[in-house]
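Participant: Counting the sequence shown from 1 gives a position; our numbering is that position plus 92. For glycine and all other residues, C-beta sits at the position ideal for the given N, C-alpha and C. All values derive from a computational prediction rather than experimental measurement. Quick one: the structure is below, questions incoming.
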Amino acid sequence: MANNDDDDYMGDLSRFLQPHELLLSVDNHVQKRSFDTSELSKQQRKKLRLAQQQKEEDQNRSEGLGSAISSSNKGFKMMQQMGYKPGISLRKHGQGSLEPINVDVKRSPSGLGRDHVEKAQEQLKAKLAEFKHDMEKRKQVELKSEFQERRKASWKGRKIVRDYRKAQTALQHLEDVQSSVELGQSDKTAMLESTELKNASNENIEESVDNEDESEEEIELQESSICIVSYPWRK
């Protein structure tokens with residue numbers, strides 16, 4: 093095992109390089125660092141110079157557009173010779189423009205008309221997103237109305253079944269009473285027992301119908317919750 097007090101032979105490269113080679117490598121490193129620093133400062137100076145030029149251009153442009161052309165200007169003298177008078181518009185017929193045309197300087201690196209294309213694309217995306225939102229909202233309303241109609245139809249069907257069975261039970265009871273009167277008192281007890289058995293069976297049937305109704309309502313509620321989760325409204 094090596095001793096910790098030994099020198100790190102990889103830390104000092106002067107053991108493997110000649111003195112003149114060592115000086116040459118150090119000089120190259122120093123020159124490279126100074127070159128990078130000078131490049132960085134040159135780029136910064138260029139940015140500052142461009143920003144100052146743009147500021148001066150904007151200031152001169154605004155001052156030039158804000159002030160009227162002097163009467164000593166050669167172009168103004170030529171316009172006066174052609175019939176121009178101060179305060180009138182530059183148009184032969186109708187109301188012309190009294191103010192100079194506004195100059196919009198394009199500083200972005202994109203091509204001409206690219207900004208309008210990107211703006212149109214953003215508007216189209218916004219319209220598509222709004223259309224999808226409206227479609228999902230409409231579909232949600234349709235599913236909700238369909239679910240309500242299905243529940244109403246199911247409730248009406250169950251009500252018809254209940255009314256029919258009640259009417260059937262009442263009719264059977266009347267027939268039993270009439271037959272008991274015709275057969276006599278001896279057979280009346282047997283007929284009453286059979287009627288009680290029929291009533292009990294009818295009650296069991298109604299209970300089974302009610303249980304079926306409850307199970308159908310649970311299934312419909314589950315279906316409605318699934319529809320609502322599948323198509324949520326976007327805020």
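For a test of the three-state rule: what should DSSP assign to K177, helix, strand or coil?
Facilitator: Coil at K177, not helix or strand.
Participant: Rounded to whole angstroms, what is the Cα-Cα separation between K166 and K219?
Facilitator: Those two C-alpha atoms are separated by around 54 Å.
Participant: What do you reckon, are the CB atoms on L157 and V195 nearer than 8 Å?
Facilitator: It is a contact, given that the beta carbons lie within the stated cut-off.
Participant: Taking F168 and S162 to be in contact with their CB atoms under 8 Å, please state how far apart those CB atoms are, rounded to whole angstroms.
Facilitator: The Cβ separation is near 7 Å, so the contact holds.
Participant: Taking all protein chains shown into account, do 16 or more other C-beta atoms lie within 10 angstroms of the C-beta of K237, making it buried, or fewer, making it exposed?
Facilitator: Note that residue 237 is Ser in the sequence shown, not Lys. S237 comes out exposed.
Participant: For T129, name the three-state secondary structure that DSSP assigns.
Facilitator: Reliability of the predicted coordinates at T129 is poor, the pLDDT of 48 falling under 50, and the value obtained from them is presented with this limitation in mind. Helix.
Participant: Classify S272: buried if its beta carbon has 16 or more other beta carbons within 10 angstroms, exposed otherwise.
Facilitator: With 16 or more other Cβ atoms within 10 Å, it is buried.
Participant: Residues in its own chain within less than 7 Å of Y176 by CB, not counting five upstream and five downstream?
Facilitator: Cβ neighbours of Y176 beyond the five flanking positions: none.
Participant: Consult DSSP for S202 and reduce its assignment to one of helix, strand or coil.
Facilitator: Here S202 sits in coil by DSSP.
Participant: Rounded to whole angstroms, what's the CA-CA distance from I180 to Q172? Just pull it up for me.
Facilitator: Near 12 Å, if we compare the C-alpha coordinates of Q172 and I180.
Participant: Measure the alpha-carbon distance for K139 versus G203 and round it to whole angstroms.
Facilitator: Distance between the alpha carbons of K139 and G203: 22 Å.
Participant: How many angstroms separate the CA atom of K224 from the CA atom of K217?
Facilitator: Taking the straight line from one Cα to the other gives about 11 Å.
Participant: Distance, Cα to Cα, E148 vs S154?
Facilitator: Distance between the alpha carbons of E148 and S154: 10 Å.
Participant: Put I193 into one of helix, strand or coil per three-state DSSP.
Facilitator: Coil, per DSSP.
Participant: Ignore the nearest five residues each way along the sequence and tell me which others in Q260's own chain have a CB closer than 7 Å to its CB.
Facilitator: If we look at Q260 and ignore the five residues flanking it on each side, it has no Cβ neighbours.
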